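A.B. asks:
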Amino acid sequence: MLIGSRSTKSVNVFASAYTLDHRVFLAGDAVHTHSPKAGQGMNISMLDMHNLCWKINLVEKGMADAATILPTYELERRDIAQQLIRFDAEYSRIFSGRSPDATQLTDDPLLAGKHKGAAVDAQKFIEVFKKNARFTSGVGAVYAKQSALNAVEQSKAVKGLKLTIGERLTPGKLTRAMDANVVRLQQEVRMNGAFRIHVFAGELGKTSQQLEAFGKHLDSPNSFFNKYRPAQGVSSSIVDGFYVASNHLEDATKKTHEYNPFFTLLTIIATNYYEWEMDQLPSPFNHYRSQMYGDNIFDKRVMEAGTNAPVHKKYGIDTSIGAIVVVRPDGYVGLAVNMNSEGIQTLEQYFAGFLKAPTGASVGSSKL
Ligand SMILES: Cc1cc2nc3c(=O)[nH]c(=O)nc-3n(C[C@H](O)[C@H](O)[C@H](O)COP(=O)(O)OP(=O)(O)OC[C@H]3O[C@@H](n4cnc5c(N)ncnc54)[C@H](O)[C@@H]3O)c2cc1C
Numbered sequence: 003m004l005i006g007s008r009s010t011k012s013v014n015v016f017a018s019a020y021t022l023d024h025r026v027f028l029a030g031d032a033v034h035t036h037s038p039k040a041g042q043g044m045n046i047s048m049l050d051m052h053n054l055c056w057k058i059n060l061v062e063k064g065m066a067d068a069a070t071i072l073p074t075y076e077l078e079r080r081d082i083a084q085q086l087i088r089f090d091a092e093y094s095r096i097f098s099g100r101s102p103d104a105t106q107l108t109d110d111p112l113l114a115g116k117h118k119g120a121a122v123d124a125q126k127f128i129e130v131f132k133k134n135a136r137f138t139s140g141v142g143a144v145y146a147k148q149s150a151l152n153a154v155e156q157s158k159a160v161k162g163l164k165l166t167i168g169e170r171l172t173p174g175k176l177t178r179a180m181d182a183n184v185v186r187l188q189q190e191v192r193m194n195g196a197f198r199i200h201v202f203a204g205e206l207g208k209t210s211q212q213l214e215a216f217g218k219h220l221d222s223p224n225s226f227f228n229k230y231r232p233a234q235g236v237s238s239s240i241v242d243g244f245y246v247a248s249n250h251l252e253d254a255t256k257k258t259h260e261y262n263p264f265f266t267l268l269t270i271i272a273t274n275y276y277e278w279e280m281d282q283l284p285s286p287f288n289h290y291r292s293q294m295y296g297d298n299i300f301d302k303r304v305m306e307a308g309t310n311a312p313v314h315k316k317y318g319i320d321t322s323i324g325a326i327v328v329v330r331p332d333g334y335v336g337l338a339v340n341m342n343s344e345g346i347q348t349l350e351q352y353f354a355g356f357l358k359a360p361t362g363a364s365v366g367s368s369k370l
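Residue numbers (our numbering): 3 to 370.
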């Protein structure tokens, strides 16, 4: 195995393996070392760990088999490291081993002349920087391969879908029904180890039956929500606790919904938020008081939608059908299905592909 050390030269080093028996893992500079020019080493290193931690968490809490889920760490992160090293090599070549200063990045012949022989090609620099902007921002670091966690093929059933499976959830602004605040969907749930089940419910006048059917399924003992539960009292993370309790506070008297710390439900409704009541939504969606949203915030990227369900439009979701979008605990989209019986079946198959029902007498969760 090659282990890299820090270098200010463009020496790119890449490990032959990320793990020993899925018990010892390498991450960060220990698996991919390159020049500091790209300014990406820390970003990518932290995301290595971000990718691995929630998977280990599922295994440790008895929710997933190590043999199924842990190999996806290398599968996903190796591709990203290879892209990083390609980008770094291309980027470093532009500087020929020298750091640019302001005058090196100019087209001004007077200034460039002062640095004859040392100037960076400004056009080339801009071109390479722009080409890689999505990758360096982190959004373009995509897990493009079909896998148990990234259901690329299954998600094709959602015609016109504009979300990319294996990519971070595209930002979207919504009105939170509970307090009428404008919020960013991708920031609504903390990184707490839970899967986020986004229910894009479309127009209630057209989809209420499908929404009701999905709710009934979720509340049944055979749903992934009820089959895959940690042992009594086990939470998904240390940031869970109070946050989750306060989120469900208003629900405390109903005692109907069995909360599961590994799944959280967010319901996004295309119908104007002042035309429906929170209690009108069926169980279990009505229990997530602070995670119901109206989709009416203008977004210049989908101007044509105006205030009429711009996020549905942006994500390519038909408001007369609705869709269920699973976002993994690390914020990546894992699966999208139509909100109908086939979609629900695909959703079940997806979770059955890597989760398992924990064994032992104390399995369960507290009622809220
Ligand atoms: C000049 C420079 C500029 C950079 N600029 C950026 C930037 O702008 N943006 C960016 O994202 N990245 C940047 N990077 C890259 C970034 O610093 C690294 O990619 C990142 O720190 C890697 O994190 P790591 O945890 O994998 O390794 P490290 O940060 O190297 O951590 C490894 C740790 O292990 C310790 N260690 C080593 N051997 C042992 C041992 N035997 N026992 C116990 N401990 C041990 C080390 O002391 C160290 O604390 C830059 C790097 C350099 C050199």
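Every residue gets a Cβ at the ideal spot worked out from N, C-alpha and C, and that includes glycine. These numbers were taken from a predicted model, which means no experiment stands behind them.
1. Where Ala17 and His34 are concerned, what is the direct C-alpha to C-alpha distance, given to the nearest angstrom?
2. Starting from the C-beta of Leu267, find all residues in its chain whose C-beta is less than 7 Å away, skip the five residues before and the five after it, and write them out in chain order.
3. Can you list, in chain order, the residues of its chain whose CB lies under 6 Å from that of Gln188, leaving out five sequence neighbours each side?
4. On the CB-based measure, 16 or more other CB atoms within 10 Å of its CB, does Thr74 come out buried or exposed?
5. Name the DSSP bridge partner or partners of His34?
6. With Tyr317 as the anchor, note down where its alpha helix (DSSP H) starts and where it stops.
7. How is the alpha helix (DSSP H) around Gly204 delimited, first residue to last?
8. Helix, strand or coil: which one does DSSP assign to Val26?
9. Can you list, in chain order, the residues of its chain whose CB lies under 8 Å from that of Gly333, leaving out five sequence neighbours each side?
10. Just to confirm, are Val184 and Ile270 a CB contact at a threshold of 7 Å?
11. Over the uninterrupted beta strand (DSSP E) stretch that includes Asn340, give me the two end residues.
12. Check whether the Cβ of Met51 lies closer than 6 Å to any heavy atom of ligand 1, and answer yes or no.
13. Can you list, in chain order, the residues of its chain with a C-beta nearer than 8 Å to that of Asn274? Leave out the 5 residues immediately preceding and following it.
14. Quick check: is any heavy atom of ligand 1 less than 6 Å from the C-beta of Met30?
15. Measure the alpha-carbon distance for Asn224 versus Glu344 and round it to whole angstroms.
16. Under the rule that 16 or more other beta-carbon atoms within 10 Å means buried, what is Val328, buried or exposed?
17. Assign Lys11 to one of three DSSP states: helix, strand, or coil.
18. Is there contact between the stretch 26–33 and the stretch 126–133, where contact requires at least three CB pairs shorter than 8 Å?
19. For Thr138, report the span of its alpha helix (DSSP H) as first-last.
20. With respect to 6 Å, is the separation between the Cβ of Pro38 and the closest non-hydrogen atom of ligand 1 below this value?
21. Quick check: what's the CA-CA separation for Leu220 versus Tyr230?
22. What separation, rounded to the nearest whole angstrom, lies between the Cα atoms of Gln42 and Tyr93?
23. So does Met193 have its beta carbon nearer than 6 Å to some heavy atom of ligand 1?
24. Using the beta-carbon count (16 or more within 10 Å), is Gly168 buried or exposed?
C.D. replies: According to the structure shown:
1. 7 Å
2. Answer for Leu267: Ile199, Val201, Pro286, Phe287, Tyr290 and Gln293, listed in chain order.
3. Leu171 and Pro173
4. buried
5. Phe16
6. Pro312 to Tyr317
7. Counting along the chain, Gly204 falls outside any alpha helix (DSSP H), though it belongs to the beta strand (DSSP E) covering Phe197 to Gly204.
8. strand
9. Excluding sequence positions up to five before and after Gly333, its CB lies within less than 8 Å of the CB of Arg170, Leu171, Gln188 and Met193, all in the same chain and listed in chain order.
10. Not a contact, by the Cβ cut-off of 7 Å.
11. Taken as a continuous stretch (DSSP letters only), the beta strand (DSSP E) holding Asn340 covers Val335 to Asn340.
12. no
13. In chain order, Gly296 and Asn298 place their CB closer than 8 Å to the CB of Asn274, counting only its own chain and leaving out the 5 sequence neighbours on each side.
14. Residue identity check: residue 30 is Gly in the sequence provided, not Met. Yes, Cβ of Gly30 sits closer than 6 Å to a heavy atom of ligand 1.
15. 16 Å
16. buried
17. Note that Lys11 has pLDDT 44, beneath the 50 cutoff, so the model's placement of it is unreliable and the number below is only indicative. Coil at Lys11, not helix or strand.
18. no
19. Ala135 to Ser139
20. yes
21. 12 Å
22. 11 Å
23. Answer for Met193: no, Cβ out of range of ligand 1.
24. Counting of Cβ neighbours within 10 angstroms places Gly168 among the buried residues, the total reaching 16 or more.
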